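Here's the structure, in structure tokens; my notes come after.
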């Protein structure tokens, strides 16, 4: 299937479909549903230096065509991820995975990224400066161009592998952040993370999730993600992993036309564990329908 | 775990707001009492996790209470197909039952205990708690399995007046419980944590991917949908 292949900064993917961080755990458990080697790659659960329980329960709220989550970067910490989770993944997944790095300070981002950079199994580092569910970290780096620049520069200085910075949509101008991250030396961009949202329970008259607010994702956010990928591509010309509400082969094509080289599928995995596999299998049909011979030919084609 | 289609065979009101739905399809991934299925309902994004009440060959029975949009939608269906993720979660370990086990259920926590009682061949005591007699269901079905059944209602309209914990006047070899948190907490304390409880939390995916339902236990972070919903009572960090 040469026509599905894309090149993400030297990382050749058999197809552009990647499950998004936080919706696929550390990947290996999905192997119970299907052979996960069908995937282009896997974006691992967001990882911090130390283990984190995350936010109090409930963490999930239903929305029209989507959900709000306030998981809050629950993860076992980088040493456990590298020592245990990556090994479990390596037994069933024989391609390179994408590490998703988060933190509460520049040094933490650097330290975690460096540990992943040393791993053979990791092909690319995704720096998450866009988690809306933690205070004093995550998104606070992604809403200020100066902080975004500093984190990017610091991580880039310790990594040999391509560094992609995952951007938040919760900003006035995604272009300004994208340009700052480019100045910091980013090899590429991932966008978008979730939109800060909220639901209130009419029976209790209180917020549904314990943390009051959370990140909104799902099919409903696709047009916003698409618009931001389009803007970021135009502003920076950097390779982009498009994320946000993608749920079909047509969505993948549309996102690539906007400027994405690869696509991450998020919320859809949570309601259909076979979503990524089904999209990959459906791509040749959709390509044929729209007269596309090679997927890599259409990247940024809408500009 | 399996994603499959089930056909609705019946869907009947059996108590106030409580429905019993029988589905036909490939139920082979359901191996233990206490496991659950996750059902897609039209127009709603997230699936709805519902515990398995009974499974016999290709027939799957679920008993659910209408509490929101998803269960409301489900209650209105009389025929057609349902998209179901089956065989989810970790169920009760019935090997630990011993010679005199007790099953303790409260309200819509009762259904998963039915399959447990069946798998134990009815050789168990069953204590069921409801708010009022109008909420009670399955008392006769447990009796038909040969189990010794006792009922408590908060208003005394059926069985003993009071809570299900008021019915514990013996020392069982082991307990299996499902119901509201305060009931599970009280039962666990009364029976020295010698048993298993089924925990309930709001879930995202229901199969371990999103970390939406993680609780902190004595042995670390545990996903209610994956390592649970059934946990040893002594593993839970009980509040109050």
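Chains as they are written, first to last, in the working numbering: chain A, 1191 to 1493; chain B, 48 to 287.
For glycine and all other residues, C-beta sits at the position ideal for the given N, C-alpha and C.
Remember, it's a predicted structure, so these values are computed and weren't measured experimentally.
Practice task
Taking residue 94 of chain B as part of the alpha helix (DSSP H), name the residues at either end of that continuous run.
Solution key: Taken as a continuous stretch (DSSP letters only), residue 94 of chain B belongs to no alpha helix (DSSP H), as it is neither H nor E.
Practice task
Would you decide whether residue 1378 of chain A is buried or exposed? Buried here means 16 or more other CB atoms lie within 10 Å of its CB.
Solution key: buried
Handout entry: Proximal residues of chain B, C-beta to C-beta of residue 1252 of chain A below 7 Å
Key = 91, 92 and 93
Exercise for the section: Compare the C-alpha of residue 1229 of chain A against each of A:1241, A:1238 and A:1214 and name the closest. Expected result: A:1214
Handout entry: Within 7 Å, strictly: CB atoms of residue 71 of chain B and residue 105 of chain B
Key = yes
Handout entry: Range covered by the alpha helix (DSSP H) that runs through residue 1306 of chain A
Key = 1296 to 1307
Problem - Any C-beta of chain A under 7 Å from that of residue 274 of chain B - result: no
Exercise for the section: Could you check the C-alpha separation between residue 1269 of chain A and residue 1239 of chain A for me, to the nearest Å? Expected result: 8 Å
Practice task
Run through the region 1214 to 1270 of chain A for me and flag every whole beta strand (DSSP E) of 3 or more residues, listed as ranges in chain order.
Solution key: With a minimum length of 3 residues, the continuous beta strand (DSSP E) runs that stay inside the region 1214 to 1270 of chain A are 1250 to 1253 and 1256 to 1259.
Handout entry: Residues of its chain near residue 59 of chain B, where Cβ-Cβ distance is below 7 Å and the 5 sequence neighbours each way are ignored
Key = 66 and 67
Handout entry: Cutoff 7 Å: residue 1528 of chain A Cβ touching any chain B Cβ
Key = Because chain A spans 1191 through 1493 in this model, residue 1528 of chain A falls outside it and cannot be assessed.
Practice task
Grab me the residues of residue 276 of chain B's own chain with a C-beta within less than 6 Å of its C-beta, minus the 5 sequence neighbours each way, in chain order.
Solution key: 136, 245 and 246
Practice task
Scan the region 1332 to 1363 of chain A and note each continuous alpha helix (DSSP H) run of 4 residues or more that stays entirely inside, going in chain order.
Solution key: 1335 to 1348
Exercise for the section: Counting only the same chain and skipping the five closest in sequence on each side, list residues whose C-beta sits under 6 Å from that of residue 248 of chain B. Expected result: 260 and 271
Handout entry: Contact check, residue 121 of chain B vs residue 88 of chain B, beta carbons under 7 Å
Key = yes
Problem - contact_flag[the region 1400 to 1413 of chain A, the region 1340 to 1353 of chain A] where n(CB pairs < 8 Å) is 3 or more - result: no
Practice task
Would you kindly report the start and end of the unbroken beta strand (DSSP E) that includes residue 270 of chain B?
Solution key: 267 to 270
Practice task
Thinking residue 1223 of chain A and residue 1463 of chain A are a contact (beta carbons under 8 Å), I'd like their distance in whole angstroms, please.
Solution key: 5 Å
Problem - Segment contact flag, the region 168 to 178 of chain B with the region 193 to 200 of chain B, C-beta cutoff 8 Å, min 3 pairs - result: Contact holds: three or more Cβ-Cβ distances are below 8 Å.
Practice task
Taking only beta-carbon positions, decide if residue 1456 of chain A is within less than 7 Å of chain B.
Solution key: no
Practice task
Kindly say whether residue 249 of chain B, judged by its beta-carbon, lies nearer than 7 Å to any beta-carbon of chain A.
Solution key: Answer yes: the Cβ-Cβ gap between residue 249 of chain B and chain A drops below 7 Å somewhere.
Exercise for the section: Answer with yes or no whether the minimum CB distance from residue 1185 of chain A to chain B is below 7 Å. Expected result: Coverage of chain A is limited to positions 1191 through 1493, which leaves residue 1185 of chain A absent and any answer about it impossible.
Handout entry: Within-7 Å CB hit, residue 74 of chain B to chain A
Key = no
Handout entry: Euclidean distance between Cα positions of residue 1266 of chain A and residue 1237 of chain A
Key = 8 Å
Handout entry: Contacting positions in the region 241 to 270 of chain B - beta carbon closer than 8 Å to chain C
Key = The structure shown contains no chain C; its protein chains are A and B.
Exercise for the section: Can you say whether residue 1279 of chain A is buried or exposed, counting buried as having 16 or more other CB atoms within 10 angstroms of its CB? Expected result: buried
Problem - residue 1248 of chain A classed as buried or exposed, judged by whether at least 16 other C-beta atoms fall within 10 angstroms - result: Residue burial annotation: residue 1248 of chain A is buried, with at least 16 other C-beta atoms found within 10 angstroms of its C-beta.
Handout entry: Minimum Cβ-Cβ distance from residue 68 of chain B to chain A less than 7 Å
Key = Chain A, which has no Cβ nearer than 7 Å to the Cβ of residue 68 of chain B, makes this no.
Problem - Cross-chain neighbours of residue 1279 of chain A in chain B, by beta carbon under 7 Å - result: Ordered by position in chain B, no residue passes the 7 Å Cβ test against residue 1279 of chain A, which lies about 14 Å from the chain.
Practice task
Flag this pair as yes or no: are the beta carbons of residue 1382 of chain A and residue 1415 of chain A separated by less than 7 Å?
Solution key: yes
Exercise for the section: Count the other C-beta atoms from every protein chain shown that fall within 10 angstroms of the C-beta of residue 119 of chain B, then say buried if there are 16 or more, exposed otherwise. Expected result: With fewer than 16 Cβ atoms within 10 Å of its Cβ, residue 119 of chain B is classed as exposed.
Handout entry: Selection from B:147, B:283, B:209 and B:95 that minimises the alpha carbon distance to residue 180 of chain B
Key = B:209
Handout entry: Endpoints, the beta strand (DSSP E) within which residue 71 of chain B is located
Key = 65 to 71
Handout entry: Buried versus exposed call for residue 1272 of chain A [16 or more other C-beta atoms within 10 Å across all chains shown]
Key = buried
Practice task
With a 10 Å radius around its C-beta and 16 neighbouring C-beta atoms as the bar for buried, classify residue 191 of chain B as buried or exposed.
Solution key: exposed
Problem - C-beta contact flag for residue 1303 of chain A and residue 1368 of chain A at 7 Å - result: no
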